[in-house]
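Contents: one structure, followed by commentary.
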Amino acid sequence: MRAIFLAAIAALTVGPALAQQIGAQQVTPEQAIGYVDKDGDGKCSLQEFLAFQLTRMTQFDTSGDGALQFLEFRESLQGEGKKNAQRSFNAFNVEANIKALTQREFLGYQAYVFKNYIDADKDGFMSAAEWSKIAGLS
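Residue 639 is where the sequence shown starts when you use the working numbering, and the numbers rise one by one after that.
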């Protein structure tokens with residue numbers, strides 16, 4: 639389970655993406671949540687998280703085929719998540735007989751991570767406090 643938790647941390651790249659966009663070294667939890675919080679309620683829903691992850695899938699789909707080959711998927715992860723990439727890839731690569739994660743499989747992986755590791759209080763949202771915990775700030 640620790641391996642999957644580390645993959646969850648790696649999946650949460652909101653902070654680095656935002657820091658790069660605004661040219662900052664560090665991003666506050668509130669800024670990270672605000673980056674993906676499209677309805678302005680101060681927290682990130684599963685749908686908002688998946689919408690953010692969908693843009694990341696497009697970014698890492700270097701072959702442009704609409705699916706992530708293993709190496710593309712691995713590159714979408716950061717830090718410790720890369721060590722467990724093969725296990726995660728295998729667990730979610732269940733459609734058809736191709737060796738790539740479809741959009742649905744990739745988003746299924748992201749939803750699993752959100753529901754089981756990011757949304758600690760199981761309210762259906764990621765708060766700034768939950769982001770801080772996942773990001774290792776608290």
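Every residue, glycine too, gets a C-beta built ideally from N, C-alpha and C.
Reducing DSSP to helix, strand and coil, say where residue i ends up.
{"i": "residue 701", "result": "coil"}
{"i": "residue 765", "result": "coil"}
{"i": "residue 707", "result": "strand"}
{"i": "residue 739", "result": "strand"}
Keeping to the same chain, check which residues put their C-beta closer than 8 angstroms to that of residue i; ignore five residues upstream and five downstream.
{"i": "residue 778", "result": "This structure gives no information on residue 778, because the portion of the chain shown stretches from 639 to 776."}
{"i": "residue 696", "result": "none"}
{"i": "residue 736", "result": "705"}
{"i": "residue 733", "result": "740, 742 and 743"}
Got a sec? Which residues, its chain only, sit under 6 angstroms from residue i by beta carbon, not counting five neighbours each side?
{"i": "residue 766", "result": "667, 668 and 671"}
Apply the 10 Å Cβ neighbour rule to residue i and answer buried if 16 or more other Cβ atoms are within range, or exposed otherwise.
{"i": "residue 703", "result": "exposed"}
{"i": "residue 674", "result": "buried"}
{"i": "residue 728", "result": "exposed"}
{"i": "residue 699", "result": "buried"}
What does a CB cutoff of less than 7 angstroms around residue i pick up in its chain, not counting 5 residues either side in sequence?
{"i": "residue 749", "result": "684 and 688"}
For the 8 angstroms Cβ check, are there 3 or more pairs between the region 737-753 and the region 691-702?
yes
Could you tell me whether the region 698-717 touches the region 661-679, where touching means 3 or more Cβ pairs closer than 8 angstroms?
no
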